[in-house]
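Residue numbers (the numbering used here): 200 to 457. Contents: one structure, followed by commentary.
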């Protein structure tokens with residue numbers, strides 16, 4: 200083979216490699232975007248459109264968001280990079296959706312139950328309270344039967360983006376059942392949020408979520424609301440209320456119970 204032919208072939212090979220690299224550089228953003236769009240096919244209206252959107256259309260928008268949410272199987276099938284992009288997009292859209300307000304009344308039979316006031320939760324205050332509770336168990340002042348507030352905690356932020364506030368109180372009903380009630384509650388809007396009670400303490404992520412019970416889908420990200428505890432559950436074993444995004448395994452807020 201002549202030297203000229205070798206140079207031409209070598210040049211052609213380099214050119215092909217460059218063409219492939221440039222082609223991938225041009226196509227890959229589109230490919231990644233398509234993956235995200237396919238996993239979460241939802242288009243967020245502009246803030247101007249949402250500001251003047253009637254209540255009925257707003258409910259339709261929320262329904263479309265829920266319908267567009269990728270399933271757990273879809274999320275798990277994505278590469279780590281695509282999963283992160285889908286999560287960021289879903290969280291961003293959810294945070295921009297209007298709040299879902301709740302104002303459920305106190306359940307019948309619990310209206311007269313006194314609840315001790317508690318200071319707002321902070322990491323330092325929570326750690327101090329936990330240490331005090333461990334060192335010196337508080338005496339039980341509640342009746343053994345009948346309605347009573349058996350545990351209470353204040354919601355605290357999971358991080359700078361996922362924020363929560365308000366109180367969580369576990370009540371025992373007149374019939375021995377348990378109701379978890381949120382009051383003056385607020386949490387950052389998020390996708391597919393659930394209410395969990397966990398046996399673990401100091402929860403910061405899914406990695407230390409511990410053994411838990413799922414009390415159901417969060418009814419609203421703002422306002423007073425009630426959740427039934429499963430019959431026969433020893434609620435004294437559960438130390439933390441967690442607002443949790445199940446599909447993406449993200450903690451939004453926690454309330455240590457004491």
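Ideal placement from N, C-alpha and C gives every residue a C-beta, glycine not left out.
Helix, strand or coil: how does DSSP classify residue i here?
{"i": "residue 290", "result": "helix"}
{"i": "residue 140", "result": "The requested residue 140 does not occur in the structure, where the chain is confined to residues 200 to 457."}
{"i": "residue 274", "result": "helix"}
{"i": "residue 381", "result": "strand"}
{"i": "residue 404", "result": "coil"}
{"i": "residue 301", "result": "strand"}
{"i": "residue 268", "result": "coil"}
{"i": "residue 285", "result": "helix"}
{"i": "residue 257", "result": "helix"}
{"i": "residue 410", "result": "coil"}
{"i": "residue 279", "result": "helix"}
{"i": "residue 233", "result": "helix"}
{"i": "residue 248", "result": "helix"}
{"i": "residue 435", "result": "helix"}
{"i": "residue 418", "result": "coil"}
{"i": "residue 262", "result": "helix"}
{"i": "residue 357", "result": "coil"}
{"i": "residue 457", "result": "coil"}
Let me know if residue i comes out buried or exposed under the rule of 16 or more other beta-carbons within 10 Å of its beta-carbon.
{"i": "residue 295", "result": "exposed"}
{"i": "residue 438", "result": "buried"}
{"i": "residue 423", "result": "buried"}
{"i": "residue 375", "result": "exposed"}
{"i": "residue 381", "result": "buried"}
{"i": "residue 304", "result": "exposed"}
{"i": "residue 311", "result": "exposed"}
{"i": "residue 357", "result": "buried"}
{"i": "residue 262", "result": "exposed"}
{"i": "residue 454", "result": "buried"}
{"i": "residue 254", "result": "exposed"}
Based on Cα-Cα distance, which residue from the options lies nearest to residue i?
{"i": "residue 242", "options": "434, 255, 265 and 421", "result": "265"}
{"i": "residue 347", "options": "357, 363, 378 and 365", "result": "378"}
{"i": "residue 387", "options": "420, 244, 409 and 353", "result": "420"}
{"i": "residue 412", "options": "269, 434, 310 and 305", "result": "434"}
{"i": "residue 359", "options": "371, 372, 399 and 403", "result": "403"}
{"i": "residue 444", "options": "432, 255 and 415", "result": "415"}
{"i": "residue 236", "options": "258, 255 and 288", "result": "288"}
{"i": "residue 240", "options": "260, 246 and 253", "result": "260"}
{"i": "residue 306", "options": "357, 440, 427 and 448", "result": "427"}
Take residue i and list the residues in its own chain whose beta-carbon comes closer than 7 Å to its own, dropping the five residues that flank it on each side.
{"i": "residue 442", "result": "363, 386, 392, 394, 417, 451 and 452"}
{"i": "residue 323", "result": "Confidence at residue 323 is low in this model, with a pLDDT of 48, below 50, so its placement is unreliable and no value can be given for it."}
{"i": "residue 298", "result": "388, 420 and 421"}
{"i": "residue 302", "result": "422 and 423"}
{"i": "residue 227", "result": "Caution applies to residue 227, whose pLDDT of 40 falls short of 50 and renders its modelled position unreliable; the model cannot decide the point."}
{"i": "residue 429", "result": "412"}
What whole-angstrom Cβ distance do residue i and residue j have, given they're in contact under 8 Å?
{"i": "residue 397", "j": "residue 389", "result": "Not a contact, Cβ separation roughly 18 Å."}
{"i": "residue 446", "j": "residue 268", "result": "7 Å"}
{"i": "residue 292", "j": "residue 274", "result": "Going by Cβ atoms, the distance from residue 292 to residue 274 rounds to 15 Å, so no, they are not a contact pair."}
{"i": "residue 405", "j": "residue 448", "result": "4 Å"}
Are there any heavy atoms of the ligand PLP lying less than 8 Å away from the beta-carbon of residue i, as far as the coordinates show?
{"i": "residue 280", "result": "Only the bare structure without any ligand can be found here, which leaves the ligand PLP out of the picture."}
Excluding five sequence neighbours on each side, which residues of the same chain lie with their C-beta closer than 6 Å to the C-beta of residue i?
{"i": "residue 308", "result": "346, 372 and 373"}
{"i": "residue 234", "result": "281"}
If you drop the 5 nearest sequence neighbours on each side, which residues of the same chain put their C-beta closer than 8 Å to that of residue i?
{"i": "residue 407", "result": "399 and 401"}
{"i": "residue 300", "result": "419, 421 and 422"}
{"i": "residue 271", "result": "445 and 446"}
{"i": "residue 432", "result": "377 and 412"}
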